[in-house]
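Using full-length UniProt numbering, the first residue of the sequence shown is number 197, and each one after it goes up by one.
Below is one structure, written out as structure tokens; comments come after it.
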Amino acid sequence: DWTMAAFKDQAIDAIRRQVGDGKVICGLSGGVDSSVVAVLIHEAIGDQLTCVYVDTGLMRAGESEQVVSLFRDKYNIPLIHRDASDLFLGELEGVDDPEVKRKTIGRIFIDVFDEEASKVGGAEFLAQGTLYPDVIESVSFSGGPSVTIKSHHNVGGLPERMNMKLVEPLRELFKDEVRDLGRELGMAAELVDRHPFPGPGLAIRIPGTITRERLEILRKADTIYLDEIRKAGLYNEIWQAFAVLLPVRTVGVMGDNRTYDYVCALRAVTSTDGMTADYYPFSHDFLGRVSTRIINEVKGINRVVYDTTSKPPGTIEWE
Ligand code: XMP
Numbered sequence: 197d198w199t200m201a202a203f204k205d206q207a208i209d210a211i212r213r214q215v216g217d218g219k220v221i222c223g224l225s226g227g228v229d230s231s232v233v234a235v236l237i238h239e240a241i242g243d244q245l246t247c248v249y250v251d252t253g254l255m256r257a258g259e260s261e262q263v264v265s266l267f268r269d270k271y272n273i274p275l276i277h278r279d280a281s282d283l284f285l286g287e288l289e290g291v292d293d294p295e296v297k298r299k300t301i302g303r304i305f306i307d308v309f310d311e312e313a314s315k316v317g318g319a320e321f322l323a324q325g326t327l328y329p330d331v332i333e334s335v336s337f338s339g340g341p342s343v344t345i346k347s348h349h350n351v352g353g354l355p356e357r358m359n360m361k362l363v364e365p366l367r368e369l370f371k372d373e374v375r376d377l378g379r380e381l382g383m384a385a386e387l388v389d390r391h392p393f394p395g396p397g398l399a400i401r402i403p404g405t406i407t408r409e410r411l412e413i414l415r416k417a418d419t420i421y422l423d424e425i426r427k428a429g430l431y432n433e434i435w436q437a438f439a440v441l442l443p444v445r446t447v448g449v450m451g452d453n454r455t456y457d458y459v460c461a462l463r464a465v466t467s468t469d470g471m472t473a474d475y476y477p478f479s480h481d482f483l484g485r486v487s488t489r490i491i492n493e494v495k496g497i498n499r500v501v502y503d504t505t506s507k508p509p510g511t512i513e514w515e
């Protein structure tokens with residue numbers, strides 16, 4: 197794609213001009229946007245870039261390990277990996293309000309990120325994977341009434357606090373263009389085509405309070421669901437798919453025994469920008485297969501339901 201190749205060259209030039217021989221810090225989330233930013237900036241300025249990955253303890257199964265090995269071992273990008281899961285899970289104990297969860301996670305994230313970034317002496321620049329829709333969304337209501345439905349901690353806050361200059365090479369791009377740029381940079385399809393994942397992670401996929409036990413149950417169900425989606429060849433048709441663990445127990449029967457376990461809700465939507473979305477029309481066969489596997493393989497869940505709400509009026513996440 198010649199257009200994206202040209203964009204890449206221009207973006208690399210612009211990064212070099214902006215940064216000179218300064219140091220840049222880039223927060224990695226494991227998602228497409230921050231990964232593309234990191235690889236692009238690394239191509240522009242090499243080891244003047246250091247990435248910081250804060251493990252919140254709220255990631256999907258195996259994701260933190262994947263991020264660390266990919267960037268450190270495959271890309272050879274200097275990476276600081278901070279496991280802050282005890283801190284996050286400790287502060288989240290007993291918190292059940294979705295916005296309090298977000299604010300708590302956002303606050304700790306900024307503290308930890310700042311602490312780790314300051315270990316890289318003299319970094320003047322902070323790289324962020326801000327996309328065009330984030331830019332529009334954050335200005336479109338300025339001056340008007342506040343209509344924020346969910347506070348996203350991954351935009352804003354950090355640069356002011358850290359007094360750094362922003363490097364935002366994706367500001368003019370939509371999500372599908374970021375994916376094209378990633379391909380242009382030679383990044384693997386599994387990474388470039390990844391579904392979006394929210395900063396607060398699994399915390400907003402467990403309505404009510406978060407415990408390690410609930411996180412473990414959710415991770416197992418979510419892994420099975422995504423595994424079946426990939427096997428059915430549906431991953432790339434879907435914008436986002438995930439399991440939600442409801443803090444509700446229902447009665448079931450397993451062999452000769454009565455069970456009393458959690459309900460798992462499955463969500464999958466199609467969308468182009470996350471602003472509107474339709475629920476994905478899985479076949480009954482597929483849904484039945486996933487339900488059976490989850491109930492048989494995940495201790496703690498005895499009922500699975502499928503969410504058929506589109507956005508609006510629903511949101512994509514449950515919190
Ligand atoms: P909703 O649930 O508002 O989500 O329809 C739209 C898109 O945003 C993601 N999302 C978040 N991303 N921090 C994030 O980084 C958040 O607090 C957050 N809440 C929702 C959601 O996964 C979807 O892609």
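C-beta atoms are modelled at their ideal positions from N, C-alpha and C, and glycine is treated no differently.
Quick one: does the C-beta of ARG298 sit closer than 8 Å to a heavy atom of the ligand XMP? Because some heavy atom of the ligand XMP lies under 8 Å away, the Cβ of ARG298 counts as near it: yes.
When you compare only the Cα positions, how much space is there between ARG463 and LEU441? When the Cα atoms are used, ARG463 and LEU441 turn out to be separated by approximately 11 Å.
Would the beta-carbon of THR511 be found less than 8 Å away from any heavy atom of the ligand XMP? At least one heavy atom of the ligand XMP is nearer than 8 Å to the Cβ of THR511, so yes.
Would you tell me roughly how many angstroms separate the C-alpha atoms of PRO508 and LYS371, rounded to the nearest one? Spanning the two alpha carbons is a distance of roughly 20 Å.
ARG268 to VAL494, Cα distance in whole Å? Going from the Cα of ARG268 to the Cα of VAL494 covers about 33 Å.
Helix, strand or coil for TYR271 per DSSP? TYR271: coil per DSSP, three-state reduction.
State buried or exposed for ASP376, treating a residue as buried only when at least 16 other CB atoms are found within 10 Å of its CB. Buried, because 16 or more other Cβ atoms sit within 10 Å of the Cβ of ASP376.
Would PRO477 be called buried (16 or more neighbouring beta carbons within 10 Å of its own) or exposed? Counting Cβ neighbours within 10 Å, PRO477 comes out exposed, since fewer than 16 surround it.
Assess contact between the segment 386-394 and the segment 209-224, defined as three or more Cβ pairs (one per stretch) separated by less than 8 Å. Is contact present? Because the criterion of three Cβ pairs below 8 Å is not met, the segment 386-394 and the segment 209-224 do not touch.
Sorry if obvious, but does the Cβ on ILE434 come closer than 8 Å to a heavy atom of the ligand XMP? For the ligand XMP, not one heavy atom lies less than 8 Å from the Cβ of ILE434.
Determine contact between the segment 400-420 and the segment 237-246, defined as no fewer than three beta-carbon pairs at a distance below 8 Å. Contact fails between the segment 400-420 and the segment 237-246, because fewer than three Cβ pairs, one in each stretch, are under 8 Å apart.
Any idea which residues DSSP pairs ALA319 with across the strands? Residue pairing from DSSP places ALA319 in a beta bridge opposite LYS219.
Endpoints, alpha helix (DSSP H) assigned at ASN432: In the DSSP assignment, ASN432 falls outside any alpha helix (DSSP H), carrying neither H nor E.
Determine the contact status of ILE276 and TYR249, defining contact as a CB-CB distance below 9 Å. Yes, the pair counts as a contact, with Cβ atoms nearer than the cut-off.
Can you check DSSP and say which residues form a bridge with GLY448? Answer is THR455.
Take PRO394 and list the residues in its own chain whose beta-carbon comes closer than 7 Å to its own, dropping the five residues that flank it on each side. Listed in chain order, the non-local C-beta contacts of PRO394 below 7 Å within the same chain comprise ILE400, GLU513, local neighbours out to five positions each way being set aside.
Counting Cβ pairs, one atom from each stretch, are 3 or more of them under 8 Å apart for the segment 427-447 and the segment 468-488? Contact between the segment 427-447 and the segment 468-488 is present, because at least three Cβ pairs lie under 8 Å.
Whole-number beta carbon distance between ASP292 and THR446, since they are thought to touch under 8 Å: Rounded, the Cβ-Cβ distance is 20 Å, inconsistent with contact.
Sequence-distant residues of its chain with Cβ nearer than 7 Å to MET358 (five each side left out): Around MET358: ASP310, ALA313, LEU322.
Tell me, to the nearest whole angstrom, how far the beta carbon of ARG298 is from that of PRO396; I am working on the premise that it is less than 8 Å. Contact holds; Cβ gap of about 5 Å.
Within this structure, are the beta carbons of ILE273 and VAL235 separated by less than 9 Å? Yes, the Cβ-Cβ distance between ILE273 and VAL235 is below 9 Å.
Of the listed residues PHE203, VAL501, SER506, CYS247, nearest to THR466 (C-alpha basis): Distances from the CA of THR466 to each of PHE203, VAL501, SER506, CYS247 were compared; the closest alpha carbon is that of SER506.
Residue closest to THR407, alpha-carbon to alpha-carbon, out of TYR328, PHE284, GLU424, THR472: Across the set TYR328, PHE284, GLU424, THR472, the C-alpha of PHE284 shows the shortest separation from the C-alpha of THR407.
Apart from the five residues just before and just after THR504, which ones in its own chain have a Cβ nearer than 6 Å to its Cβ? Correct list, in chain order: TYR475.
Buried or exposed for residue 185, going by 16 or more other Cβ atoms inside 10 Å? With the chain covering only 197 through 515, there is no way to say anything about residue 185.
Within the continuous beta strand (DSSP E) that includes LYS495, where are the two ends? LYS495 -> no beta strand (DSSP E), and no H or E assigned at all.
Can you tell me whether DSSP reads LEU283 as helix, strand or coil? Three-state result, LEU283: helix.
Indicate the three-state DSSP secondary structure (helix, strand or coil) for HIS277 in the structure shown. Secondary structure of HIS277 (DSSP, three-state): strand.
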